[in-house]
Amino acid sequence: MKGDPDGDLVRQAQAGSKAAFGKLVDRYYEMVYAVAYGILNHHEEARDAAQEALLKAFREIERFQGQSKFKTWLYRITVNAAIDQIRRRRPVEPIEMGGGEGEEEPRGHVVSDRAPGPREQASRAELGRLIREALEHLSPEHRAVLILREWEGLSYEEIAETLGIEMGTVMSRLFYAKKKLGEILGPKIRGEGEKP
Amino acid sequence: MKEPEREETKLREVYQNYLRRELRQPEIRLAKKEFLNTYFPKETPVWLRPQVLAPTLALLVILLIITYYHPSEIPVSPGPELAPARVEVRRVGSGVGPTLVYQKVYQDVPVTIVWVFTGGNPQ
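Protein chains in written order, with this note's numbering: chain A, 1 to 196; chain B, 197 to 319.
This is how it looks when you write it as structure tokens:
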């Protein structure tokens, strides 16, 4: 565990200190939640998966030998918990692309520091809905690579270590994920860019 | 910057802004707080635990009493003044042995009287 910034707390947690693990939870809850949300694209499920991952990490902390950093180990547990959560999902209706009447509002409300005007709010909601739908077209494994790279800022190597896959696989998954998002979101992005 | 690169950058920006908005929800913070309180509550400092705090406070109270309590300063109320008990005895005898015990009520107070005849039965 040399060089791991969480080494001390991990050792205390391994010795049975619940409070020490609580400090690790306090430190990494948001990160775990973000990864779970990036894969699940759903708040309630992300909360369940994140908390399940943290409890699993607590149960298995004694087995953690420090071959990787605690954070990397936690990423791995989180990704697995999120993918398990998807497997438990009941079949859902396919997503329809395009506008139309009676369309659902995006899940979760948008909170902003400043109140956006109605036009901006509508545009954001529309973009949010589009992104969500675009992400639904990716497999959980592709979404995992995307969130770890584009949100958590992990290197290809770190992603490969976290997910236990080859670096080439990381690169090809990332390439495919971006291509797919580009296909769906490209026209919208280009359209926005053309606006005065 | 080339067009595909520009689009990739824009795409990254859009994705990150989307996540930023989604992850700013106050419910996430509340769920975290609740989760921490349920599974990993903060430990009370040793000196604040009841098994340490209660004896410490008790000791403190005793020390305060010892330091500031002066018995001479405390007024003592005199006890009730009772007239000395007067029992009129005309004849005393015992048919059972050298000791005689009986009770009398004097001013609502039961009085036990014990006679011990050291020199035998005085009849």
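We put the beta carbon where it would ideally sit given N, CA and C, even for glycine.
| query | result |
| --- | --- |
| 8 angstroms Cβ cutoff met for Asn41/A and Leu135/A | yes |
| Neighbour flag for Lys238/B against chain A, beta carbons, 8 angstroms | yes |
| Opening and closing residue of the beta strand (DSSP E) in which Gln299/B lies | 295-302 |
| First through last residue of the alpha helix (DSSP H) which encompasses Ile261/B | 246-264 |
| Contact set between Asp26/A and chain B, taken where Cβ atoms lie within less than 9 angstroms | Lys228, Leu232, Phe236 |
| Within chain A, partners of Val210/B - CB distance below 8 angstroms | Leu127, Ile131, Leu185, Ile189 |
| Cβ contact (3+ pairs, closer than 8 angstroms) linking the stretch 75-83 of chain A and the stretch 26-38 of chain A | yes |
| Cβ pair Gln299/B, Val305/B closer than 8 angstroms | no |
| Burial state of Glu158/A (16 or more Cβ within 10 Å) | buried |
| Inter-residue CB distance, Asp4/A and Phe70/A (contact presumed, cutoff 8 angstroms) | 6 angstroms |
| Interface positions of the stretch 143-173 of chain A facing chain B (Cβ-Cβ less than 9 angstroms), listed along the chain | Leu146, Ile147, Glu150, Trp151 |
| Ile309/B - partner residues in DSSP beta bridges | Tyr298/B |
| Touching by the beta-carbon criterion (3+ pairs, under 8 angstroms), the stretch 47-56 of chain A and the stretch 223-243 of chain B | yes |
| Cβ shell of Ala46/A (< 7 angstroms), same chain only, five flanking positions each side left out | Tyr33, Ala36, Tyr37, Leu40 |
| Any chain A beta carbon closer than 8 angstroms to Leu207/B | yes |
| Sequence-distant residues of its chain with Cβ nearer than 8 angstroms to Leu255/B (five each side left out) | none |
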